[in-house]
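These notes are about the structure you will find just below.
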Amino acid sequence: MWVEFFEFSTGAIMAYLITRIPFLTFPRVKSWNEQFPPHPEPVYVDEHLIQRILHMRIFYWLALVFAIIPLTFGWVSLGHGSAPFGFGLWSVSGWLVLSRITSFISSEEPPFTKQLAMRLQRVKNVSTSEKACCAFAQPMWEVTSVRCNTCGDILLKEPRPDLGRPRSDGWIMGFVRLLLTDGRPIIMIDEEE
Ligand SMILES: [Zn+2]
């Protein structure tokens, strides 16, 4: 019984990690983050940030491609190896595929969408137009919203998801946090103003 449970858990954890590889590793390369201030500082809303949102969107959906790996190994393992291990691989990767696909019809939006990139583009456009909040508008994306660095106006009420920068909370804590949230913003209850 315990052996089966252990094998199932190993399969489940492996599938979970494999499907998060693109999101956890690819954007965190140092050369890829030089145009951004270090995490968790606010990020200036410019074309680099908008490009980054679109890249993070690709990595988020790449999980579906990476899910093929545990699904295949799970299939082989179910037939020829350890059935609990294969079932562990299958259930987690299958759940990921199902939940990501059904997110199209459910109300839960993925953390990175084209719409989000467009909302940021609009903020950027407005900040350089006559309708800007002030003469030297500088939209910065803080933890809970996009705010003008000059006058302090809130330009977009949208919490910041993980942007793929190396985490300031250290490799291990950052890794755990990202595994649990999938990059979704974490809103703290009592927030400093
Ligand atoms: Zn302003």
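The sequence shown begins at 0 in numbering that gives the first Met the number 0 and counts up by one.
For glycine and all other residues, C-beta sits at the position ideal for the given N, C-alpha and C.
Predicted model, so just to flag it, every value in this text is computed and none were measured.
CA-to-CA distance, residue j to residue i, given in whole angstroms
{"i": "GLN272", "j": "THR149", "result": "Since the first residue of the chain shown is 0 and the last is 192, residue 272 is not available in this structure."}
{"i": "GLU192", "j": "GLY85", "result": "Because GLU192 sits at a pLDDT of 41, beneath the cut-off of 50, its placement in the model cannot be relied upon, and the following sentence gives the value as read from the coordinates. Their Cα atoms are separated by approximately 49 Å."}
{"i": "THR180", "j": "GLN120", "result": "25 Å"}
{"i": "LEU70", "j": "TYR15", "result": "11 Å"}
{"i": "ILE12", "j": "GLU40", "result": "32 Å"}
{"i": "MET172", "j": "PHE58", "result": "21 Å"}
{"i": "LEU23", "j": "LEU178", "result": "8 Å"}
{"i": "HIS79", "j": "GLU108", "result": "39 Å"}
{"i": "PRO160", "j": "SER90", "result": "27 Å"}
{"i": "VAL122", "j": "PRO110", "result": "18 Å"}
{"i": "PHE72", "j": "SER105", "result": "30 Å"}
{"i": "LYS156", "j": "LEU88", "result": "38 Å"}
{"i": "ASP45", "j": "PHE103", "result": "28 Å"}
{"i": "ARG251", "j": "ARG118", "result": "Since the first residue of the chain shown is 0 and the last is 192, residue 251 is not available in this structure."}
{"i": "ILE68", "j": "VAL28", "result": "23 Å"}
{"i": "TRP74", "j": "PHE7", "result": "14 Å"}
{"i": "PRO83", "j": "ILE100", "result": "25 Å"}
{"i": "GLN114", "j": "ILE49", "result": "11 Å"}
{"i": "PHE4", "j": "SER81", "result": "11 Å"}
{"i": "THR9", "j": "SER98", "result": "21 Å"}
{"i": "LEU77", "j": "VAL2", "result": "16 Å"}
{"i": "ASN124", "j": "GLY93", "result": "41 Å"}
{"i": "SER30", "j": "TRP170", "result": "17 Å"}
Beta-carbon contacts of residue i that lie in its chain and below 6 Å, excluding the five residues immediately before and after
{"i": "ALA62", "result": "THR18"}
{"i": "LEU53", "result": "ALA116"}
{"i": "GLU141", "result": "PRO41"}
{"i": "ARG166", "result": "HIS38, GLY173"}
{"i": "HIS47", "result": "GLN34"}
{"i": "ILE153", "result": "SER144, ARG146"}
{"i": "ASN32", "result": "ARG164"}
{"i": "GLY182", "result": "PRO110, PRO160, ASP161"}
Residues near residue i in its chain [Cβ-Cβ closer than 7 Å; skip 5 each side]
{"i": "PRO21", "result": "PHE58, LEU61, ALA62, PHE65"}
{"i": "ARG176", "result": "ASP168"}
{"i": "CYS133", "result": "CYS147, THR149, CYS150"}
{"i": "VAL96", "result": "LEU63, ALA66"}
{"i": "THR112", "result": "ARG56"}
{"i": "MET0", "result": "none"}
Beta-carbon contacts of residue i that lie in its chain and below 8 Å, excluding the five residues immediately before and after
{"i": "ARG51", "result": "PRO26, PHE35, LEU162, GLY163"}
{"i": "THR127", "result": "ALA136"}
{"i": "LYS130", "result": "none"}
{"i": "MET139", "result": "PRO41, VAL42, TYR43, VAL44, VAL145, ARG146, CYS147, ASN148"}
Beta-bridge partners of residue i, as assigned by DSSP
{"i": "ILE153", "result": "ARG146"}
{"i": "PRO138", "result": "CYS147"}
(request) Collect the residues with a C-beta less than 6 Å away from any heavy atom of ligand 1 and give them in sequence order along the chain. (result) Look at which beta carbons fall closer than 6 Å to any heavy atom of ligand 1; those residues are CYS132, CYS133, ALA136, CYS147, THR149, CYS150, ASP152.
(request) Could you name each continuous alpha helix (DSSP H) segment of 4 residues or more that falls completely within the stretch 15 to 44, going from the start of the chain to the end? (result) none
(message) As an exercise, report each continuous alpha helix (DSSP H) stretch of at least 4 residues that is fully enclosed by the stretch 48 to 89, in chain order.
(response) 67 to 79
(request) Go through the stretch 96 to 129 residue by residue and report every complete run of the beta strand (DSSP E) that reaches 3 residues or more, in order. (result) none
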